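Comments concern the structure below.
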Amino acid sequence: MTHAAPHPATARLSHGLSGDVTVPGDKSISHRALMLSALAVGRSTVDGLLEGEDVLATAAAMRALGAGITREETAGPDDTPAIRWVIDGVGVGGLAEPADVLDMGNSGTAARLLMGLLATHPLVAVMTGDASLRKRPMARVATPLEKMGAKIVTRAGGRLPATVIGTRSPVPIRYRLPVPSAQVKSAILLAGLNTPGRTVVVEPEATRDHTERMLGAMGARITVETEADGARVITLDGQPELSARDMTVPGDPSSAAFPLVAGLITEGSAVTVRNVCLNPGRDGLIRTLVEMGADLTVTNPRDVGGEPVGDLVARSSALKAVTVPAERAPSMIDEFPVLAAAAATAHGTSRFEGLAELRVKESDRLQAVADGLARAGVTVRTGEDWLEVDGCGGPVPGGTDAVVTHLDHRIAMAFLVLGLAARNGMVVDDDRMIATSFPGFRALMTGLGCDITDL
Numbered sequence: 001m002t003h004a005a006p007h008p009a010t011a012r013l014s015h016g017l018s019g020d021v022t023v024p025g026d027k028s029i030s031h032r033a034l035m036l037s038a039l040a041v042g043r044s045t046v047d048g049l050l051e052g053e054d055v056l057a058t059a060a061a062m063r064a065l066g067a068g069i070t071r072e073e074t075a076g077p078d079d080t081p082a083i084r085w086v087i088d089g090v091g092v093g094g095l096a097e098p099a100d101v102l103d104m105g106n107s108g109t110a111a112r113l114l115m116g117l118l119a120t121h122p123l124v125a126v127m128t129g130d131a132s133l134r135k136r137p138m139a140r141v142a143t144p145l146e147k148m149g150a151k152i153v154t155r156a157g158g159r160l161p162a163t164v165i166g167t168r169s170p171v172p173i174r175y176r177l178p179v180p181s182a183q184v185k186s187a188i189l190l191a192g193l194n195t196p197g198r199t200v201v202v203e204p205e206a207t208r209d210h211t212e213r214m215l216g217a218m219g220a221r222i223t224v225e226t227e228a229d230g231a232r233v234i235t236l237d238g239q240p241e242l243s244a245r246d247m248t249v250p251g252d253p254s255s256a257a258f259p260l261v262a263g264l265i266t267e268g269s270a271v272t273v274r275n276v277c278l279n280p281g282r283d284g285l286i287r288t289l290v291e292m293g294a295d296l297t298v299t300n301p302r303d304v305g306g307e308p309v310g311d312l313v314a315r316s317s318a319l320k321a322v323t324v325p326a327e328r329a330p331s332m333i334d335e336f337p338v339l340a341a342a343a344a345t346a347h348g349t350s351r352f353e354g355l356a357e358l359r360v361k362e363s364d365r366l367q368a369v370a371d372g373l374a375r376a377g378v379t380v381r382t383g384e385d386w387l388e389v390d391g392c393g394g395p396v397p398g399g400t401d402a403v404v405t406h407l408d409h410r411i412a413m414a415f416l417v418l419g420l421a422a423r424n425g426m427v428v429d430d431d432r433m434i435a436t437s438f439p440g441f442r443a444l445m446t447g448l449g450c451d452i453t454d455l
């Protein structure tokens with residue numbers, strides 16, 4: 001994806017947001033549904049797949065590796081049109097060498113997880129991505145995969161483009177994650193699928209467990225145990241036969257965060273977001289907002305395809321400051337930009353700890369958030385892995401000095417949300433990259449009553 005012609009957008013002070021909406025499918029689950037269905041035996045179907053550019057890059061890559069993947073229109077409830085993705089798997093170990101470079105666009109998740117799949121297939125593949133992805137470090141994934149026998153050649157600093165030379169004789173490993181990362185954990189487990197013996201990943205701090213849940217649901221022998229020190233030990237028996245499944249992807253909690261926070265920080269608002277994934281490894285933002293005094297409730301809790309799901313209702317709230325400890329960061333790492341927007345309107349000083357991972361996302365998100373808050377007239381302090389926000393106790397000043405998004409979709413959306421609670425509005429320098437994770441963002445938000453327009 002290129003951004004040669006930036007598309008600025010502005011959000012203005014809004015009130016009375018109201019509506020009942022459904023956000024796009026969960027991005028993490030969508031990536032995994034495509035990859036694991038491609039390794040299954042038989043035909044899988046996926047409803048609710050996120051059709052953002054990141055996930056479409058994964059679909060294209062899996063096609064290039066030999067899986068059959070098609071998009072079909074079906075009749076949904078009340079005969080409304082719906083989309084279903086159909087995947088004909090090639091079986092574990094059945095991926096074919098691609099004829100061309102695999103372009104992963106803007107998606108770090110797709111690149112790192114696919115690197116794991118490729119590492120234990122006897123093939124050679126070259127991976128690249130857009131300008132933002134080519135700046136992101138891949139060494140944290142390459143290191144354990146090379147221990148399993150693969151050879152991975154990257155640019156200086158462990159960056160894309162990368163050539164993955166998969167091994168013909170993969171070796172199972174026991175690997176303790178040096179930093180919490182669901183992407184690294186998942187890459188190792190995906191490599192372990194085509195590796196004889198048992199692959200073991202030890203994570204000192206729990207991260208999102210979508211990979212483990214989906215592998216178990218598709219027939220892999222995978223166990224999770226907790227050690228005395230609280231570390232999770234995930235053990236996968238290699239070379240299973242994965243069974244094709246019909247799946248439904250629940251709504252992405254990271255996307256749901258934007259309309260929910262908008263409902264909380266704008267006057268006279270009540271917003272309902274339906275069918276949201278409530279995975280315990282992803283609920284940190286909800287817990288934090290409740291601690292801040294948010295009128296945020298979960299209704300109709302249920303299970304969809306092994307994932308807990310519910311409907312969330314957010315009503316205007318007078319938020320108070322909060323301290324988020326480092327151990328909670330992995331369960332809400334993608335939501336910190338929009339949480340910072342909420343904190344900017346709260347009473348008191350909020351402090352967020354354990355944020356080093358934000359510096360290696362699509363942008364240096366920690367710095368981008370700090371800079372954006374400063375442009376909004378909010379006092380902010382930051383360090384290597386922490387952020388403090390002095391809340392304004394209501395609407396922030398805002399202004400016409402555009403927030404630099406650094407081609408980062410979550411930075412763009414977070415500051416458009418903050419603009420809804422800014423006396424002078426907020427401008428972002430580009431909103432086109434939002435489509436990587438939340439196609440239809442503006443239409444959904446304006447449908448709730450948000451004043452978001454072109455600059």
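Letter by letter, the sequence shown follows residues 1 to 455 in the UniProt record's numbering.
A virtual CB, placed ideally from N, CA and C, is assigned to each residue, including glycine.
Given the structure is predicted, the values throughout are model-derived calculations rather than measurements.
Neighbourhood of residue i by C-beta distance below 7 Å, restricted to the same chain and skipping five residues each side
| i | result |
| --- | --- |
| residue 3 | For residue 3, the predicted structure reports a pLDDT of 46, less than 50, and the residue's modelled location is therefore unreliable. The matter cannot be settled from this model. |
| residue 187 | 112, 113, 115, 116, 141, 145 |
| residue 268 | 15, 16, 316 |
| residue 255 | 23, 24, 437, 438 |
| residue 449 | 14, 16, 17, 18 |
| residue 372 | 403, 411, 415 |
| residue 384 | 356 |
In DSSP terms, what residue i is bridged to
| i | result |
| --- | --- |
| residue 25 | 251 |
| residue 141 | Bridge partners of residue 141: none, in fact. |
| residue 347 | 320 |
| residue 151 | 165 |
| residue 392 | In the DSSP output, where bridge partners are listed per residue, residue 392 has none listed. |
| residue 458 | This structure cannot settle anything about residue 458, because the visible part of the chain is limited to 1 through 455. |
| residue 69 | 87 |
| residue 243 | 41 |
| residue 10 | 427, 453 |
| residue 352 | 324, 387 |
| residue 380 | 389 |
Residue range of the unbroken alpha helix (DSSP H) whose run includes residue i
| i | result |
| --- | --- |
| residue 371 | 365-375 |
| residue 325 | It is not in any alpha helix (DSSP H) - residue 325 carries neither H nor E in the DSSP assignment. |
| residue 82 | Element bounds for residue 82: not the alpha helix (DSSP H) but the beta strand (DSSP E), 81-88. |
| residue 417 | 409-419 |
| residue 446 | 441-447 |
| residue 213 | 210-217 |
| residue 184 | 182-193 |
| residue 225 | Not the alpha helix (DSSP H): residue 225 falls in the beta strand (DSSP E), residues 222-226. |
Proximity of residue i and residue j at Cβ, strictly below 8 Å
| i | j | result |
| --- | --- | --- |
| residue 455 | residue 8 | yes |
| residue 24 | residue 50 | yes |
| residue 391 | residue 321 | yes |
| residue 60 | residue 88 | no |
| residue 39 | residue 90 | yes |
| residue 65 | residue 98 | yes |
| residue 136 | residue 172 | no |
| residue 279 | residue 208 | yes |
| residue 222 | residue 242 | no |
| residue 324 | residue 288 | yes |
| residue 120 | residue 150 | yes |
| residue 427 | residue 10 | yes |
| residue 417 | residue 290 | no |
| residue 92 | residue 43 | no |
| residue 362 | residue 257 | no |
| residue 190 | residue 35 | yes |
| residue 217 | residue 41 | no |
8 Å CB neighbourhood of residue i in its chain, flanking five on each side removed
| i | result |
| --- | --- |
| residue 462 | Given that the chain is displayed from residue 1 to residue 455, the structure contains no residue 462 and the question cannot be resolved. |
| residue 318 | 293, 347 |
| residue 22 | 251, 273, 274, 275 |
Residues of its chain near residue i, where Cβ-Cβ distance is below 6 Å and the 5 sequence neighbours each way are ignored
| i | result |
| --- | --- |
| residue 247 | 33, 46, 305 |
| residue 284 | 328, 331, 332 |
| residue 20 | 272 |
| residue 128 | 101, 103, 160, 161 |
| residue 405 | 411, 412, 428, 429, 430 |
Proximity test, Cβ basis, 8 Å: residue i and chain D
| i | result |
| --- | --- |
| residue 74 | Going by chain labels, chain D is absent from the structure shown, which holds only one protein chain. |
Span of the beta strand (DSSP E), counted from its first residue to its last, around residue i
| i | result |
| --- | --- |
| residue 16 | That residue, residue 16, is in no beta strand (DSSP E); it is neither H nor E in DSSP. |
| residue 205 | Careful: residue 205 lies outside any beta strand (DSSP E) and carries neither H nor E. |
| residue 234 | 232-237 |
| residue 431 | That residue, residue 431, is in no beta strand (DSSP E); it is neither H nor E in DSSP. |
| residue 127 | 124-128 |
| residue 452 | 451-454 |
Proximity test, residue i beta-carbon vs the ligand ADP heavy atom, cut-off 7 Å
| i | result |
| --- | --- |
| residue 387 | Within the structure as shown, the ligand ADP is missing, as the structure has no ligands at all. |
Taking three-plus beta-carbon pairs below 8 Å as touching, is the segment 199-211 in contact with the segment 254-269? No, the segment 199-211 is not in contact with the segment 254-269.
For the segment 432-448 and the segment 373-393, state whether three or more C-beta atom pairs, one from each stretch, are separated by less than 8 Å. Flag = no, the segment 432-448 and the segment 373-393 do not touch.
Between the segment 298-316 and the segment 351-363, do at least 3 Cβ pairs fall closer than 8 Å? Contact between the segment 298-316 and the segment 351-363 is absent: fewer than three C-beta pairs spanning the two stretches fall below 8 Å.
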